[in-house]
Each structure stands twice: as structure tokens, then as C-alpha cells.
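In terms of the working numbering, the sequence shown opens at residue 61 and continues consecutively. Glycine residues also receive a C-beta, built at the ideal position from the N, C-alpha and C atoms. On a predicted model such as this, the values are computed, not experimentally measured, just so you know.
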Amino acid sequence: MGIQNIIYFISSFLCIFATSISASLLFQGFNWESSKHQGGGWYNLLKAKIPDLANAGITHVWLPPPSQSVAPEGYMPGRLYDLDASKFGSKDELKALIDGFHQSGIKCLADIVINHRTAERKDGRGIYCIFEGGTSDNRLDWGPHMICKDDQYSDGTGNPDTGEDFGGAPDIDHTNPTVQQELTDWLNWLKSEIGFDGWRFDFVKGYAPQYTKMYMENTKPDFAVGEKWDSLNYVDGKPDANQDAHRGGLKNWVEAAGGSITAFDFTTKGILQAAVQGELWRLKDSNGKPSGLIGLMPQNAVTFIDNHDTGSTQNIWPFPSDKVMQGYAYILTHPGTPSIFYDHFFDWGLKEEITKLANIRNANGITATSTVNILASDGDLYVASVDDKIFVKIGPKMDLGSLIPPNYKVAASGQNYAVWVK
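Quick look at the structure:
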């Protein structure tokens, strides 16, 4: 093969690879109550729903933390290799679920909680700091030396924390070479033995982004997203019109974590849920672009309406419940990688509406890097064209003037939203 043919082959491969990543559509496959599901376990329940997700064009499903955990929801993990003690189901049921997704062309992300870890027993001081990995050998069997030096559970021999303190459990010292190697081995085991394809990193503020970068390089996930949740800037109880500092923080984290990982676009969520309450002008920044992370680096932004923390039974920062479909009309027509929440899709009766929007996105080739042209952004009306292929309207105003070309037809519509295609 000549050098020109080799270059052409490599270029074509990279182009196809980039297109497959940029066309991803994520689904969060659980909520805050999923661990409590009776009658066969959550993994088995979710397996029965695979056809509906495949029909919606889902490419990746985010599954809950798989390991034994003091808290049933999985976010206080201890014996990381012990997947049979999970409240969501057994190790074999998890593998069968992942295999079922794979058979439908859907890849699976594990929720990775490695900022902190719960210990199995106390040391001589009476402090819980002796960890058990969940195997018959000594993998992930740690002592207090693997805890950050400034943590309340430490014996003072570890290194200082490189991020924010969690408080509820020992913060793990990611500067420790043993920690780095054994967590890398565990992550790669989740890929090779269990079948996971990628990661959702929990509470990434808890350790420096250089360690996320290291775990990314050591495990090479198909797709990965980090949860960096900071409060927006508020003025008189409302989000500031300018959220450049907030989305800039997300951008800085992505870059420091190596640039190949994505981040949940909390900026877009906060702006969007304020915008749909009569302030749709918020959706355009001073440069005429989307005002969240999708306006800065859309290829690294995962947009969403709610998750197990912001919505579900925790309801910490919920999207206005009567305007959720306006939110989906926005994220499913715009750049970034959209994430659909289990509750909205299956529990709220919105499966058909969301599926229709997702299918329009896929049919028109809208991707994470699509181009947005914002045509109107007033209090009661937002209109944009995306890749000159689709038009989307959000808001109660019905008089659109000549914003929508006559050769475009309505493909989906609902309360205060509509999407047009040629």
C-alpha cells in the first residue's frame, strides 16, 4: 500500500471515528430509587426496555455504580470488585444486561465513584480506614496510607487532597502510585470482564483533573463524561445573564483532563431551565452563540434536562416539570451530546415525543458539532436553524413572521415547541 493510500485510509478511519463519537446519544438508565426496585432487580427490568431505547437511536446507556456500597444507590462504594452485593442486581445479571445492549448496538458506561471509598473495618485507633477489595487476593486491600493526609479518616501518612473534600467517606489519595495502578486495573477489569465500554466519572471536583486524564489514558474508554457540578452565578435570585465564568470552568476542566473527555453541561441546564420561564433571550450569548458549554466546545459537552440528583426523588435542582419537552426540543436539536433521563422517557409518558425528536436528530445528521444559527431570542420566542437542515422553535409566541422558510414542514410539535425539516 502506497504512502498516499495509507494516509487516505487513516484519515478516513479518523473521520468515521469522529463522526461516530459526535453523533452519540446518551441515556441515563436509572434514577435515585432504582436500587429499591422489587420483582427481579433493576438490571433485569432495564433489560426488558432495550428495544425502546434502540428505537430511539440511543448509542450509549449510563448504568449505576456497580459495586458493593454502604448506600444502596451505589455512591458510597467499598468492595469495588464485589458486584454481587449491588442493590441493582448480581454480577451475572449485569453482564447479561450489557450483552443485551451490545446486541442492539448500544454501548454501556459505568458510573465510576473513585473520589472516596468506604472502609470495611476500623484500625487500632477505632477509625474506619481498612479497605477490602472484594477478591480473595489483596487487590484494592488498602490501609490509611491511601487516604488523603488532610482527611478526617487519615493517619497522616498520605498526601494532601488535590481537590474538594467529600466529607461522607475517606477521600482517596490519587497521587499514590498503588492507588493509581490498582484503580486502573479495576477499570480495565470492568471493560474486559464485565463488558463496560466507557465511564461516567462521579464528583470530579474531588481530585485534580490530571488524574482523570491519567485514568482516561490508561483505560481508553469509548466514551467518558465527568460530573463537575458548580453553582451558577446568581443575581437577585436569578441566574446572571452572563455565565461565561461558569462554562469557562467546565472548559478548563475538560482541557486539564486531557481534552478527550466530555463534561455534563450544567451551564446549559441552568440557563435553559430559567429561559423557558419567559426569558428565552438567555439562550444567546454576546457572540450570538448558545450560552452554555455547547457555545464554547460542543464536542465536549453533554447536555441534559435532569438526572438522579437534580430530579428524581432528590429534586435538588429540577427543570420546570411542565416545560420538560421544551428542554428536550432544545437539547435534541442542538450541538453537544444529549442525555435523556429514565424518568422522563419511561415514567412521565414522554417516550413517543422524545423518540420522535431523537429520530429527527439522527435522520438529519445533527451531531455534537453541528452549527447553530440563532434567528430569534426574545422573552417568549426562540428560533434557530441547525446545520441548515432543521428549524426549532421554543416559546409561546405563535407569530413567527418569515423565520421559517416555506419549504420546511413541521416534523414534531408539542406545548410551546415545534421542529421543522425539509
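**Message:** Taking the alpha-carbon of residue 465 as reference, which of 90, 476, 453, 457 has the nearest alpha-carbon?
**Reply:** 453 is the residue among 90, 476, 453, 457 whose C-alpha sits nearest the C-alpha of residue 465.
**Prompt:** If you draw a straight line from the C-alpha of residue 442 to the C-alpha of residue 392, how long is it?
**Reply:** Approximately 15 Å, taken between the alpha carbons.
**Asked** Where do the ends of the beta strand (DSSP E) carrying residue 322 lie?
**Response** From DSSP, the beta strand (DSSP E) with residue 322 extends over 322-324.
**Request:** Using the Cα positions of residue 389 and residue 193, report the straight-line distance between them to the nearest angstrom.
**Result:** Taking the Cα positions, residue 389 is about 44 Å away from residue 193.
**Prompt:** Start and end of the alpha helix (DSSP H) containing residue 387?
**Reply:** 384-391 is the span of the alpha helix (DSSP H), which, as asked, contains residue 387.
**Prompt:** Taking the alpha carbon of residue 174 as the point to measure from, which residue in 164, 141, 195, 137 has its own alpha carbon closest?
**Reply:** Distances from the alpha-carbon of residue 174 to those of 164, 141, 195, 137 put 137 closest.
**Message:** Just checking: is the beta-carbon of residue 215 within a distance shorter than 8 Å of some beta-carbon in chain B?
**Reply:** The displayed structure is made up of one protein chain only, and chain B is not part of it.
**Asked** Taking residue 152 as the reference, which of 134, 185, 127, 176 has the closest Cα?
**Response** Checking every option, the nearest Cα to that of residue 152 belongs to 127.
**Prompt:** What span of residues does the alpha helix (DSSP H) with residue 111 cover, start to end?
**Reply:** Counting along the chain, the alpha helix (DSSP H) containing residue 111 begins and ends at 110-115.
**Request:** Tell me whether residue 264 sits in a helix, a strand or coil according to DSSP, three-state version.
**Result:** Residue state, collapsed to three classes: helix.
**Request:** Could you please give the first and the last residue of the uninterrupted alpha helix (DSSP H) stretch that includes residue 161?
**Result:** First-last of the alpha helix (DSSP H) with residue 161: 151-163.
**Item:** Through-space distance from residue 180 to residue 71, alpha-carbon basis
**Value:** Residue placement at residue 71 is poorly supported in this model, since its pLDDT is 43, which falls under 50; the coordinates still yield a value, given next. Cα-Cα distance, rounded: 50 Å.
**Item:** For residue 252, the three-state DSSP class (helix, strand or coil)
**Value:** Helix.
**Request:** Could you check which residue in 365, 373, 369 has the C-alpha nearest to that of residue 384?
**Result:** Among 365, 373, 369, the Cα nearest to that of residue 384 is on 365.
**Request:** Starting from residue 452, trace the beta strand (DSSP E) both ways and give me its first and last residue.
**Result:** For residue 452, the enclosing beta strand (DSSP E) starts and ends at 450-454.
**Prompt:** Does the beta-carbon of residue 280 have 16 or more other beta-carbons within 10 angstroms, so that it is buried, or is it exposed?
**Reply:** Looking at its Cβ environment, which holds fewer than 16 other Cβ atoms inside 10 Å, residue 280 is exposed.
**Message:** So, at 6 Å on beta carbons, what are the nonlocal neighbours of residue 200 in its own chain, with the 5 sequence-adjacent residues on each side left out?
**Reply:** So the qualifying residues of the chain are 140, 193, 242.
**Request:** State whether the region 206-222 contacts the region 290-302, with contact taken as three or more CB pairs (one from each stretch) at a distance under 8 Å.
**Result:** No, the region 206-222 is not in contact with the region 290-302.
**Prompt:** If you measure from the CB of residue 261, is any heavy atom of the ligand NAD nearer than 7 Å?
**Reply:** The model on display carries no ligand, and the ligand NAD is accordingly not part of it.
**Item:** Top-ranked residue by Cα proximity to residue 451, from 143, 294, 467, 328
**Value:** Closest option to residue 451, Cα to Cα, is 467.
**Item:** Close beta carbons around residue 410, own chain, < 8 Å, minus the five adjacent residues each side
**Value:** Excluding positions up to five away in sequence, the list reads 384, 385, 388, 404.
**Asked** Can the beta-carbon of residue 92 be found less than 8 Å from the beta-carbon of residue 374?
**Response** Cβ distance < 8 Å, so residue 92 and residue 374 count as in contact.
**Asked** For residue 182, which residues does DSSP report across the bridge?
**Response** Beta-bridge pairing links residue 182 to 188.
**Asked** How close, in whole Å, do the beta carbons of residue 231 and residue 207 come, if the pair is a contact with beta carbons under 8 Å?
**Response** Indeed, because the Cβ distance is near 7 Å, the residues count as touching under 8 Å.
**Request:** Please list, in chain order, all residues of the same chain as residue 484 whose beta carbon is under 7 Å from its beta carbon, the five residues on each side excluded.
**Result:** What the structure shows of the chain is the stretch from 61 to 482, and residue 484 is not part of that stretch, so it cannot be assessed.
**Item:** Completely contained alpha helix (DSSP H) runs for the region 404-469, where each covers 4 or more residues
**Value:** You should have 411-423.
**Asked** In chain order, which continuous runs of the alpha helix (DSSP H) of length 4 or greater are located wholly inside the region 323-359?
**Response** Correct list: 326-335.
**Same chain, Cβ closer than 7 Å to residue 470, five either side skipped, listed in chain order** = Here the set comprises 478, 480.
**For residue 331, the nearest candidate out of 425, 291, 161, 131 (CA to CA)** = Measuring from the Cα of residue 331, the nearest candidate turns out to be 291.
**Request:** Find the nearest neighbour of residue 121 within the set 106, 436, 433, judged by alpha-carbon distance.
**Result:** Of the listed residues, the one whose Cα sits closest to residue 121 is 106.
**Message:** Using a Cβ-Cβ cutoff of less than 8 Å, which residues in the same chain neighbour residue 313 once the five nearest sequence positions on both sides are dropped?
**Reply:** Sequence-distant Cβ neighbours of residue 313 in its own chain, meaning closer than 8 Å and more than five residues away, are 264, 269, 286, 288, 323.
**Asked** Do the CB positions of residue 293 and residue 284 come within less than 8 Å of each other?
**Response** Not in contact: residue 293 and residue 284 (Cβ atoms no closer than 8 Å).
**Prompt:** Does the Cβ-Cβ distance between residue 149 and residue 115 come in under 8 Å?
**Reply:** Contact: no.
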